[in-house]
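Participant:
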Amino acid sequence: MSNKIINANSIHYALVKGLHDTWNEQFYMTDDPYNNLRPEYLTTASVCYSLADFVSSTQLRGYIIVRAEELTKKIWKDLNLVKSLNRNKRKNKKKKIKFKKDSARKGNTDITLFQKLNGHECPFAIIENKEYLKFTKQYKMYSASRNEFKKDIKRNIEFLNATRFPNTIGIEYTAFTFFINDTYSTTETESKDFLKHINRYFQKLFSIYKKKYRDLIFEFEIGSLIMLLPSSTSQQEYICDDGSKDDTCHQLYGVISIFRNGQVICGHI
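With my numbering, the residue at position 61 of the sequence shown is 231, and numbering never jumps.
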């Protein structure tokens, strides 16, 4: 069954679809869809469905399991089992994989993907979902959002590094999803400029991570989820196709993927 593989980009695209689905479902959940995406688990549920749909449409059906809100300490326990499986595969069976005893063991992971292997369920992908990352008018992330962001990125990297040796089984892919509410743009042109600056911000941020973690691949996608803004400042309100006036907004989605071993992961099943 070793021919059953999964591509990192395939998971990435499923996450993007899940964020779009979250927005669509939002209109059934609140009377203020342009300013709040609540409850937070709505994002997790929509992304889980998107991942499950992807798995069901491929030859991976029956081999991949999608779970939400797994205890982090349980995942580390599962990785300890994986550690023993890896030692059996390695020539140097005495060399152990060390696991850090830190904050990474606390709380839950929003979404975990497992692969069935030799009668065991082995975690291989971790996805964390956030609501909104907040930015200043100067396109800088507010400190609270930045601290939360760095904490989750750090934890995802620790998962990847837990089984970082070649030809081993473990966490091979992690992701971080979020939304951005552009409250500064008043026209289509300004919204495009805002998106451009936000992308530049993350390019600069991840250039630092790439230098520090040269064995990891960092990819991100940030795009407009919905944009309802007038084309110019002379048009004070957004006009719908039917001629009616609507609320104005510019919502963005973001997906950050971190992984190893090129584009192919989960090639062991």
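Note that the Cβ used here is the ideal one computed from N, Cα and C, for glycine as well. As the structure is a prediction and not an experimental result, all values here were calculated from the model.
Considering only C-alpha positions, which residue in the set 217, 384 and 281 is nearest to residue 331?
Facilitator: Comparing Cα-Cα distances from residue 331 to each of 217, 384 and 281, the minimum goes to 384.
Participant: Assuming residue 397 contacts residue 420 under a Cβ cut-off of 8 Å, what Cβ separation, rounded to an integer in Å, is found between them?
Facilitator: Sure, about 5 Å apart at Cβ, within 8 Å.
Participant: Can you give me the C-alpha to C-alpha distance between residue 181 and residue 221, rounded to a whole angstrom?
Facilitator: If you take the alpha carbons of residue 181 and residue 221, they lie about 7 Å apart.
Participant: Return the bridge partner residues of residue 293 from the DSSP annotation.
Facilitator: In the DSSP output, where bridge partners are listed per residue, residue 293 has 284.
Participant: Whole angstroms is fine: what's the gap from residue 298's alpha carbon to residue 339's?
Facilitator: Roughly 21 Å between the two C-alpha positions.
Participant: Check whether the segment 215-234 and the segment 367-380 are in contact - that is, three or more C-beta pairs closer than 8 Å.
Facilitator: Output reads no: the segment 367-380 does not touch the segment 215-234.
Participant: For residue 312, I'd like the list of residues in its chain whose CB is within less than 6 Å of its CB, leaving aside the five on either flank, ordered along the chain.
Facilitator: Counting only Cβ-Cβ distances below 6 Å, and skipping sequence neighbours, we find 304.
Participant: Give a yes or no on whether the C-beta atoms belonging to residue 302 and residue 346 are separated by under 8 Å.
Facilitator: Their beta carbons are not under 8 Å apart, which means residue 302 does not touch residue 346 by this criterion.
Participant: Compute the Euclidean distance between the alpha carbons of residue 237 and residue 353, then round it to the nearest angstrom.
Facilitator: When rounded, the distance between both Cα atoms is 34 Å.
Participant: Tell me which residues share the same chain as residue 184 and place their Cβ nearer than 7 Å to its Cβ, disregarding the 5 neighbours each side in the sequence.
Facilitator: Correct list, in chain order: 220, 221 and 224.
Participant: Assign residue 430 to one of two classes, buried (16 or more other C-beta atoms within 10 Å of its C-beta) or exposed (fewer than that).
Facilitator: Buried.
Participant: Between residue 361 and residue 394, how many whole angstroms is the CB-CB distance? I'm expecting something under 8 Å.
Facilitator: With a Cβ gap of about 7 Å, residue 361 and residue 394 count as contacting.
Participant: Within the same chain, show all residues whose beta-carbon is closer than 6 Å to that of residue 389, passing over the 5 residues directly before and after it, in chain order.
Facilitator: Correct list, in chain order: 427.
Participant: Considering only the beta carbon of each residue, do residue 213 and residue 192 sit closer than 8 Å?
Facilitator: Result yes, Cβ atoms of residue 213 and residue 192 sit closer than 8 Å.
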